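Engineer: Got a structure for you, questions after.
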Amino acid sequence: MIRARNLTKRFGDITAVDRLTFEIPVGQVVGFLGPNGAGKTTTMRLLTAYLPADEGEAVVMDLDVGEHPLAVRRRLGYLPENNPLYENLEVTDALHLVGRLRGISDPGTRTERVKAVVKTCGLGSVAGRRTGELSKGFRQRLGLAQAIIHDPDVLMLDEPTSGLDPNQVLEVRDLIRELKKEKTLLLSTHILSEVQAVCDRVIILNAGLIVADGTPSELSGSLQNKNRLRLSLKGPSAEVREALGRIAGASSVRVSEACAFGGGTAAEGFVVESDASADLREEVFRLASSKGWPILHLSQERLTLEEVFRKLTAGPEGPARSEGREKESP
Amino acid sequence: MMTDSPETEQQGQSAPTTTPTKLALVQGQAVLALAQRELKGYFESPTAYVALIVFYLMAGYLYTATVFLSNLATVQAFSETVPLLLAFLVPALTMGLVSEELKSGTFETLATLPLEDWDITLGKFMGFAGVHLLTVAGLVFYPVLLSFLANPTTGLDWGETAGILLGLTLLGLMYGAIGLFASSLSRSQVVSFVIAFLLCFSFFIAGNLARFTPGPAATLLEFVGLDAHLDTLAKGVLDSRDILYFASVTFAFLYLTVRRLQSRRL
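Residue numbers (my numbering), protein chains in the order written: chain Z, 20 to 349; chain F, 240 to 505.
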């Protein structure tokens, strides 16, 4: 359980986090989404009691962060941005060190915990290697293992997949999915597919403010004002284009290379846009079959989270309060 | 000191509403873990080796030169030359303690563990103290060697020798606290080193300046400077005022380090 009420942090005259209010119930996985400098890292630093808040309150597992910073830190695991690790330590030694610093003083208990997290995080093959020799993917796993060594109730991960290659990203995401079964999880990212892949809920931040809060599908649904149909069919390009444009409700038609899956079959791709309320799929099918143009592909597209994100954080109709707040915490 | 067992840690999860009470100022286990880590860290990088080799060579050279010049079997020379050498050696050993963590970002990991800033400060300081005690222990080689060369009838004054070594131990710890504080001031180890050296050197030179300063300023400089305090110990005289001097400066800089870490403007 994480609760923030009017949480505010200023760095000089920059307000990095501006009256943030949200509540994350136990067991929920929430993604903090936002461009660089939106205040994601600062918010996490406030929640982990690394930085003191200027105003407002933060509560983690019913403990006030300002009043009981140590008790809060005992309950949470935190993976800071860029996953800083002590170099020159063997993987198991690094885990033992964090375990000891976390107060797991009994060597037997600690060894068991180390074994458990090595298994959970798939570190078995590199257990004896030094941290400095690990690939980025394994470093990230080690960072995660350190964050969960004390089996915390709340896990905060700051950009857990940044800088990883696509395979490693998938591995780390699988790991997060594994962890989310039993923990309240807050992760920050600017990678949208990540949020869609692992999060129950998205909080979009921009310039220190919450600009959207909801499930990924709610967000893409609520901002949807256009329906987009992607199709690829075989037929005389100009004529097809004209015919598609004449369908009632179609607002624009354009030729799209990306939809032309036909290979050598002279198929061409089109994107037909219409009002959000109109569904043109049947019309398109009827048109194509009456003209004898085989349809190779037809799909309706919702507004992607990417577009929602861009709309909320950068678009001309985006939030007006984004000026002059580019700096992440120092 | 360690009152927080892993069992209570795990039970804490089933009783989420209870607020763990603060049990001790420092968590012994964590301090010890950090100290061991730092001590091991010293011997995993070449910095410590290089610094120690240079230190022993310089100390040996300066010391032998004096012994043969004066033709006296005494390690008195240590109390004159080694304080200056330590003003170089100790900052070299402490410069990375916090700077390095600030630079690599591991400080954020450390500072978000359930540790007080005193735990972090003491852990790091004790890690340094370990390597410093080894350094002073190494210096024992010279008086032992000398005892074989000394005139068998008079021998070596072991009381004086012990006083000198104790003085150097306390002095090094004081420099270490200064160095730790300097290390918390900057992400750059070089900057930390220079600040630490300047501070240590100020204490070193203050006593010397006292000789050339008139009036009450001289008394003040003599008190602040380490010469007077070290000289008493070097005579083999244990005076609580001198011990208190080293202890209070050490504590003052440890306290400043804690305040610096608490400010989190790092």
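We put the CB at the ideal spot given by N, CA and C, even for glycine.
What you are looking at is a predicted structure, and each value in this text was computed from that prediction instead of being measured.
Chain Z beta carbons: is any one of them nearer than 8 Å to that of F:T351?
Structural biologist: To locate residue 351 of chain F, count along the second sequence from 1; it is residue 112. Chain Z contact via Cβ: present.
Engineer: If we require 4 or more residues per run, which alpha helix (DSSP H) segments fall completely within the segment 63-139 of chain Z?
Structural biologist: 88-94, 110-120 and 126-139
Engineer: Are Z:L66 and Z:V48 closer than 8 Å when you measure CB to CB?
Structural biologist: The residue you call residue 66 of chain Z lines up with position 47 of the first sequence. The residue you call residue 48 of chain Z lines up with position 29 of the first sequence. The Cβ atoms of Z:L66 and Z:V48 do not sit closer than 8 Å to each other.
Engineer: Of all the beta strand (DSSP E) runs that stay within the bounds of the segment 240-314 of chain Z, which reach a length of 3 or more residues?
Structural biologist: 245-253, 269-274 and 286-294
Engineer: Can you find at least 3 beta carbon pairs, one from the segment 183-190 of chain Z and one from the segment 105-122 of chain Z, that sit closer than 8 Å?
Structural biologist: With a cut-off of 8 Å, the segment 105-122 of chain Z and the segment 183-190 of chain Z do not count as touching, because too few Cβ pairs lie within range.
Engineer: Using 10 angstroms around the beta-carbon of F:Y300, count the other beta-carbons present and answer buried if the total reaches 16, otherwise exposed.
Structural biologist: Numbered from its first residue, the second sequence carries residue 300 of chain F at position 61. Answer is exposed; the Cβ neighbour count stays below 16.
Engineer: Of all the residues that make up the segment 79-96 of chain Z, which are near chain F by a beta-carbon distance shorter than 8 Å?
Structural biologist: Correct list: M80, D81, L82, H87, L89, A90, R92, R93 and R94.
Engineer: Can you check the segment 257-335 of chain F for any alpha helix (DSSP H) of at least 4 residues that lies completely inside it and give the ranges in chain order?
Structural biologist: 267-281, 285-309 and 315-333
Engineer: Comparing the C-beta of Z:S124 with each C-beta of chain F, is any distance below 8 Å?
Structural biologist: Within the first sequence, numbered from 1, the residue matching residue 124 of chain Z stands at position 105. Answer yes: the Cβ-Cβ gap between Z:S124 and chain F drops below 8 Å somewhere.
Engineer: Check F:R426 in the structure and name its three-state DSSP category.
Structural biologist: Taking the first residue of the second sequence as position 1, residue 426 of chain F is located at position 187. Three-state DSSP puts F:R426 in coil, outside helix and strand.
Engineer: Rounded to whole angstroms, what is the Cα-Cα separation between F:F346 and F:L354?
Structural biologist: Within the second sequence, residue 346 of chain F is the residue found at index 107, counting from 1. Within the second sequence, residue 354 of chain F is the residue found at index 115, counting from 1. Going from the Cα of F:F346 to the Cα of F:L354 covers about 12 Å.
Engineer: What does Z:T67 touch in chain F if you count any residue whose Cβ is under 7 Å from its own?
Structural biologist: Looking up residue 67 of chain Z in the first sequence gives position 48. Those are T351, listed as they occur along chain F.
Engineer: Note down, in chain order, all residues in the segment 137-170 of chain Z with a beta-carbon under 8 Å from any beta-carbon belonging to chain F.
Structural biologist: Q165, H169 and D170
Engineer: Can a CB atom of chain Z be found closer than 8 Å to the CB of F:L419?
Structural biologist: Translated into the one-based positions of the second sequence, residue 419 of chain F becomes position 180. By this cut-off, F:L419 is not an interface position.
Engineer: Using CA atoms only, rank isn't needed, just tell me which of F:L460, F:V497, F:S425 and F:G377 is closest to F:L296.
Structural biologist: Position 57 of the second sequence, counting from 1, holds the residue named residue 296 of chain F. Minimum Cα distance to F:L296 is reached at F:G377.
Engineer: Against F:Q266, what residues of chain Z qualify as contacts under a CB-to-CB distance less than 7 Å, listed in chain order?
Structural biologist: As a first step, residue 266 of chain F must be located in the second sequence, where it is residue number 27. By Cβ distance, chain Z contributes G122.
Engineer: By a C-beta neighbour count over all protein chains shown, 10 Å radius and 16 as the cutoff for buried, is Z:T34 buried or exposed?
Structural biologist: Your numbering for residue 34 of chain Z matches position 15 in the first sequence. Buried: at least 16 other Cβ atoms inside 10 Å.
Engineer: Between F:L518 and F:T489, what straight-line distance do the alpha-carbon atoms span, to the nearest angstrom?
Structural biologist: In the structure as shown, chain F begins at 240 and stops at 505. Residue 518 of chain F is therefore absent and cannot be evaluated.
Engineer: Out of Z:L176, Z:L228 and Z:L263, which one is the CA nearest neighbour of Z:P255?
Structural biologist: Residue numbering aside, residue 255 of chain Z sits at position 236 when the first sequence is read from its first letter. If we check each option's Cα against that of Z:P255, Z:L263 comes out closest.
Engineer: Among the residues of its own chain, which have a CB less than 7 Å from the CB of Z:R24, if the five just before and after it don't count?
Structural biologist: Your numbering for residue 24 of chain Z matches position 5 in the first sequence. Cβ within range, chain order: T40, G75 and E76.
Engineer: Distance cutoff 8 Å, beta carbons only. Does F:R276 sit that close to anything in chain Z?
Structural biologist: Stepping through the second sequence from its first residue, residue 276 of chain F is reached at position 37. Closer than 8 Å: yes.
Engineer: Go through its chain and collect everything with a Cβ distance to Z:G162's Cβ below 6 Å, but skip five positions before and after it.
Structural biologist: As a first step, residue 162 of chain Z is located in the first sequence; it is residue number 143 there, counting from the start. If we look at Z:G162 and ignore the five residues flanking it on each side, its Cβ neighbours are L98 and N102.
Engineer: Please check if any C-beta of chain F sits within less than 8 Å of the C-beta of Z:N55.
Structural biologist: Within the first sequence, the letter at position 36 stands for residue 55 of chain Z. It does not: the Cβ of Z:N55 has no partner Cβ on chain F nearer than 8 Å.
Engineer: Determine the direct distance from the alpha carbon of Z:T62 to that of Z:L211, and round the result to whole angstroms.
Structural biologist: In the first sequence, the residue the question calls residue 211 of chain Z occupies position 192. In the first sequence, the residue the question calls residue 62 of chain Z occupies position 43. Whole-angstrom Cα-Cα distance: 19 Å.
Engineer: Just checking: is the beta-carbon of F:L273 within a distance shorter than 8 Å of some beta-carbon in chain Z?
Structural biologist: For this step, residue 273 of chain F is matched to residue 34 along the second sequence. F:L273 belongs to the set of residues whose beta carbon lies under 8 Å from a beta carbon in chain Z.
Engineer: Does the separation of the CB atoms of F:G411 and F:V293 fall below 8 Å?
Structural biologist: Taking the first residue of the second sequence as position 1, residue 411 of chain F is located at position 172. Taking the first residue of the second sequence as position 1, residue 293 of chain F is located at position 54. The answer is no: Cβ separation not under 8 Å.
Engineer: In terms of DSSP beta bridges, what is F:L354 paired with?
Structural biologist: Along the second sequence, read from residue 1 onward, the residue named residue 354 of chain F stands at position 115. Looking at the DSSP assignment, F:L354 forms no beta bridge with any residue, so it has no partner.
Engineer: Per the contact definition of three or more C-beta pairs closer than 8 Å, is the segment 334-349 of chain F in contact with the segment 300-318 of chain F?
Structural biologist: no
Engineer: Can you list, in chain order, the residues of its chain with a C-beta nearer than 7 Å to that of F:L465? Leave out the 5 residues immediately preceding and following it.
Structural biologist: On the second sequence, position 226 is the one that residue 465 of chain F refers to. Here the set comprises P322, L410, F442, F443 and G446.
Engineer: Please state whether the Cβ-Cβ distance between Z:R119 and F:A290 is less than 8 Å.
Structural biologist: Numbered from 1 along the first sequence, position 100 holds the residue referred to as residue 119 of chain Z. Numbered from 1 along the second sequence, position 51 holds the residue referred to as residue 290 of chain F. No; because the gap between Cβ atoms is not below 8 Å, this pair is not in contact.
Engineer: Can you have a look at Z:N55 and say buried or exposed, based on whether 16 or more other CB atoms are within 10 angstroms of its CB?
Structural biologist: Counting from 1 along the first sequence, the entry for residue 55 of chain Z is found at position 36. Exposed: under 16 other Cβ atoms inside 10 Å.
Engineer: Alpha carbon to alpha carbon, what distance is there between F:M413 and Z:L116?
Structural biologist: As a first step, residue 116 of chain Z is located in the first sequence; it is residue number 97 there, counting from the start. As a first step, residue 413 of chain F is located in the second sequence; it is residue number 174 there, counting from the start. Each residue's Cα considered, the two are about 27 Å apart.
Engineer: Beta strand (DSSP E) containing F:D466: first to last residue?
Structural biologist: The residue given as residue 466 of chain F occupies position 227 in the second sequence. From DSSP, F:D466 is part of no beta strand (DSSP E) but of the alpha helix (DSSP H) over D466 to A473.
Engineer: Please classify Z:G122: is it buried, with 16 or more other beta-carbons within 10 angstroms of its beta-carbon, or exposed?
Structural biologist: Locating residue 122 of chain Z in the first sequence gives position 103, counting from the first residue. Classification for Z:G122: buried.
Engineer: Could you work out which residues of chain F lie near Z:L116, taking near to mean beta carbons separated by less than 7 Å?
Structural biologist: The residue given as residue 116 of chain Z occupies position 97 in the first sequence. Result: A272 and R276.
Engineer: List the residues of chain Z whose Cβ lies closer than 8 Å to the Cβ of F:A287, in chain order.
Structural biologist: In the second sequence, counting from the first residue as 1, residue 287 of chain F sits at position 48. Those within 8 Å of F:A287 in chain Z number zero; the least Cβ separation is about 13 Å.
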